[in-house]
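Student:
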Amino acid sequence: MRHLYVNGTWTPSASAEGIDVVNPATEEVIDRVPAGSPDDVEVAVAAAREAFGAWSATPAAERGKLLATAAELVTERAERIARIIATDLGAPYGIALKVHTVMPAGVLASFARLAETYDFDGERVGNSRVLKEPAGVVGAITPWNYPLHQVVCKVAPALAAGCPVVLKPSEVAPLAAYALAEIFDEVGLPPGVFNMVAGLGPVVGEAIVAHPEIDMVSFTGSTRAGRRVAALAAETVKRVALELGGKSACVILPDADLGTAVKAAVAGAYINSGQTCSALTRMIVHRDQYDEVVGLAVEAAGRYTVGDPFAEGTRLGPLASAAQRERVVHYINRGQEEGARLVAGGTERPLDVGYYVSPTVFAGVAPGMTIEQEEIFGPVVSIIPYVREDEAVEIANGTPYGLSGAVWAGSEERAVAVARRLRTGQVAINGGRFNPMAPFGGYKHSGVGRELGTYGLEEYLEIKALHL
Ligand code: NAD
85 MRHLYVNGTW TPSASAEGID VVNPATEEVI DRVPAGSPDD VEVAVAAARE
135 AFGAWSATPA AERGKLLATA AELVTERAER IARIIATDLG APYGIALKVH
185 TVMPAGVLAS FARLAETYDF DGERVGNSRV LKEPAGVVGA ITPWNYPLHQ
235 VVCKVAPALA AGCPVVLKPS EVAPLAAYAL AEIFDEVGLP PGVFNMVAGL
285 GPVVGEAIVA HPEIDMVSFT GSTRAGRRVA ALAAETVKRV ALELGGKSAC
335 VILPDADLGT AVKAAVAGAY INSGQTCSAL TRMIVHRDQY DEVVGLAVEA
385 AGRYTVGDPF AEGTRLGPLA SAAQRERVVH YINRGQEEGA RLVAGGTERP
435 LDVGYYVSPT VFAGVAPGMT IEQEEIFGPV VSIIPYVRED EAVEIANGTP
485 YGLSGAVWAG SEERAVAVAR RLRTGQVAIN GGRFNPMAPF GGYKHSGVGR
535 ELGTYGLEEY LEIKALHL
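Oh and the sequence shown: position 292 is 376 in this note's numbering, straight run, nothing missing.
1. Any heavy atom of the ligand NAD closer than 7 Å to the Cβ of G174?
2. Just confirm the distance between the C-beta atoms of V502 and V477, as a whole number of angstroms; I'd bet it's less than 8 Å.
3. For A450, does the count of other Cβ atoms within 10 angstroms reach 16, so buried, or fall short, so exposed?
4. Entirely within the stretch 297-322 and at least 4 residues each: give me those alpha helix (DSSP H) ranges in chain order.
5. Is H295 helix, strand or coil by DSSP?
6. So V90 and V105 are supposed to be a Cβ contact under 8 Å. How far apart are they, rounded?
7. Would you say G102 touches the ligand NAD, meaning its beta carbon is less than 7 Å from a heavy atom?
8. Exposed or buried, which one is R366 when buried takes at least 16 other CB atoms within 10 Å?
9. Using CA coordinates, which residue listed in D205, S306, V491 is at the minimum distance from H370?
10. In whole angstroms, give me the CA-to-CA distance for V382 and Y527.
11. Answer yes if the stretch 206-216 comes into contact with the stretch 175-189, meaning at least three C-beta pairs across the two stretches below 8 Å, and no otherwise.
12. Keeping to the same chain, check which residues put their C-beta closer than 8 Å to that of P231; ignore five residues upstream and five downstream.
13. From which residue to which residue does the beta strand (DSSP E) around I460 run?
14. With N514 and E543 assumed to form a contact (beta carbons below 8 Å), what rounded beta-carbon distance in angstroms separates them?
15. Please classify I336: is it buried, with 16 or more other beta-carbons within 10 angstroms of its beta-carbon, or exposed?
16. Just the C-alpha distance for K150 and P248, rounded to the nearest angstrom, thanks.
17. As a quick exercise: from Q373, T344, G397, pick the residue whose alpha carbon is nearest that of V471.
18. Could you pull the start and end residues of the alpha helix (DSSP H) that G386 belongs to?
19. Considering only residues of the same chain and omitting the five flanking positions on each side of N107, which have a CB-CB separation below 6 Å?
20. Helix, strand or coil for N211, going by three-state DSSP, please let me know.
21. Say the cut is 7 Å; is the CB of E290 nearer than that to a heavy atom of the ligand NAD?
22. Flag S530 as yes when its Cβ comes closer than 7 Å to any non-hydrogen atom of the ligand NAD, and as no otherwise.
23. Let's test the definition: count the other Cβ atoms within 10 Å of the Cβ of L316 and tell me whether it reaches 16, buried, or not, exposed.
24. I'd like to confirm something about W94: is its beta-carbon nearer than 7 Å to some heavy atom of the ligand NAD, or not?
25. By the three-class DSSP mapping on this structure, what secondary structure does T110 have?
26. Is any heavy atom in the ligand NAD found nearer than 7 Å to the beta carbon of Y230?
27. Excluding the 5 residues flanking I103 on each side, which residues of the same chain have their C-beta closer than 6 Å to its C-beta?
28. Starting from the Cα of S530, find the closest Cα among V464, G540, E459 and give me that residue.
29. Is I225 close to the ligand NAD? I mean its beta-carbon at under 7 Å from any heavy atom of the ligand.
30. Is the stretch 289-307 touching the stretch 322-334, taking contact as three or more C-beta pairs under 8 Å?
31. Go to R425, then tell me how far its beta strand (DSSP E) extends in each direction, as first and last residue.
32. Indicate, with yes or no, if the ligand NAD has a heavy atom lying under 7 Å from the CB of V313.
33. What did DSSP end up calling E217 once you bin it into helix, strand or coil?
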């Protein structure tokens, strides 16, 4: 059984219970982490509180140097960490390396730089000086789908801002967080500045959220759990940042380059086996081009080779857990029951062992159907027709979510005009690339607050005015 990382040391949990970590490609148990207890949280929060004074008073540039060293170590160990993520999450190795490891190393480095360059106390408003101060002790709760990235998106800005952290990584894929904790241990963060308590959401997560000595909670996960976190945090009037679910739309206007747009839209839906909060799960296309698009989408889906994450040529690994596979299968059945047309994939197992789902495409999807409204979190894309541009915008905005999106058009100007009408936190214009320095977060039920870059750092800062 692994330990917890508390007050600068690897410590056994007060609870004897453990949680098996399963390789979703082989269905074998590969490790075991503690199912931590509220007592563990108590000790971790006390350590973080104790560390707050000195860490918040440490010059930001020094905090940045420690983060920079941590980023270098993640980069140095990228292959090892990628193997961990390919094994406990099931991401194809190439993606585990590039997207799940090298990208978060870059994000960590970006917060190291921001710690050194951000102006924490230079702003003037009339006769007042505005100070940006650390928000306090931060509780960070993360999901399994980007198991290193989600952790870095919270821990790096919190530490850069001067806030000690108590992290609860996901119980489903916790091993990358362990690799990061080892690195923080090695770089010599002062004891109590970074703490990690593994365990279950309703136990360890809720103990963190309810704890009166935690000043802020940053949560990434489902909207269901996010609601619970916000309600619990309200009792102690905590600052709360929520990165929740999505049901993002890819709107393809008639003058777009159809071949490129559909290929990119399918890629945007299937990334990380569709287990991506910002996945483009709804393709909204003009009625006149509908049949052509369905054909192109089926063709594109057919190129997603399902298989062992370590096999050459695998583009789609397994889903992260048996429960996740069941959830996706449930939605595929639901789509058919409600009259959508399955044109690729389905519920059949593509491989005998492992939590795999074939790349799936639904045509004939109407606004309001369950598969059009709810987050599936698997390799399933729904194609929805529109006639007027206003209707396309209405469909795109017609779910409770607003995390991401994409617009394809014959010109950037035309695509931007439609993107402005979407109630969502980010929109890729004609294939615009993800930018890890740009603000990331949701409108509506997709969350509160922003991660990454300067906006991500500012989440962890309180604001004080000195009237001079
Ligand atoms: P989840 O909500 O089940 O769990 C997320 C984390 O919260 C886990 O660590 C879990 O243990 C913990 N948790 C669960 N219940 C809790 C509770 N009552 N109190 C406190 N903590 C609790 O989500 P998941 O299945 O791990 O991840 C998938 C979800 O995450 C999807 O809905 C996805 O869209 C969302 N997500 C959002 C973003 C984003 O940036 N918006 C990014 C990645 C994933």
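Even for Gly, the Cβ is constructed at its ideal location relative to N, Cα and C.
Tutor: With the structure as the only source:
1. No, the beta carbon of G174 sits no closer than 7 Å to any heavy atom of the ligand NAD.
2. With a Cβ gap of about 6 Å, V502 and V477 count as contacting.
3. That one is exposed.
4. List check, alpha helix (DSSP H) in window: 307-318.
5. In this structure, H295 counts as coil in the three-state DSSP scheme.
6. Taking the Cβ atoms as the reference, V90 lies roughly 20 Å from V105, outside the contact range of under 8 Å.
7. Taking non-hydrogen atoms of the ligand NAD into account, the C-beta of G102 is found less than 7 Å away from none of them.
8. Per the 10 Å Cβ criterion, buried.
9. Cα-wise, what sits closest to H370 is V491.
10. One C-alpha to the other measures close to 31 Å.
11. In this structure the stretch 175-189 does not touch the stretch 206-216; the number of beta carbon pairs closer than 8 Å is below three.
12. Residues of the same chain with a CB within less than 8 Å of the CB of P231, apart from the 5 flanking positions on each side, are I169, D172, L173, H184, P253, S254, A257, P258, L259, A260, A261 in chain order.
13. Per DSSP, I460 belongs to no beta strand (DSSP E) and is neither H nor E.
14. Not confirmed; about 30 Å, so no contact.
15. The residue is buried, with at least 16 neighbouring Cβ atoms inside 10 Å.
16. With the sequence shown as reference, residue 150 is identified as Leu, and Lys is not the correct amino acid for it. Taking the straight line joining both Cα atoms gives about 14 Å.
17. Ranked by Cα distance from V471, the first of Q373, T344, G397 is Q373.
18. Where G386 is concerned, the enclosing alpha helix (DSSP H) starts and stops at 374-386.
19. Here the set comprises I114, T171.
20. Residue state, collapsed to three classes: coil.
21. For the ligand NAD, at least one heavy atom lies less than 7 Å from the Cβ of E290.
22. At least one heavy atom of the ligand NAD lies closer than 7 Å to the C-beta of S530.
23. Around the beta carbon of L316, a 10 Å sphere encloses 16 or more other beta carbons of the protein chains shown; the residue is thus reported as buried.
24. No, Cβ of W94 sits at least 7 Å from all heavy atoms of the ligand NAD.
25. Correct three-state label for T110: coil.
26. Within the cutoff, so yes.
27. Correct list, in chain order: V117, A119, E255.
28. The residue with the shortest Cα to Cα distance from S530 is E459.
29. The closest heavy atom of the ligand NAD lies less than 7 Å from the beta carbon of I225.
30. With the cut-off at 8 Å, the stretch 289-307 and the stretch 322-334 touch.
31. First-last of the beta strand (DSSP E) with R425: 425-428.
32. Here the distance from the Cβ of V313 to the nearest heavy atom of the ligand NAD is below 7 Å.
33. Strand.
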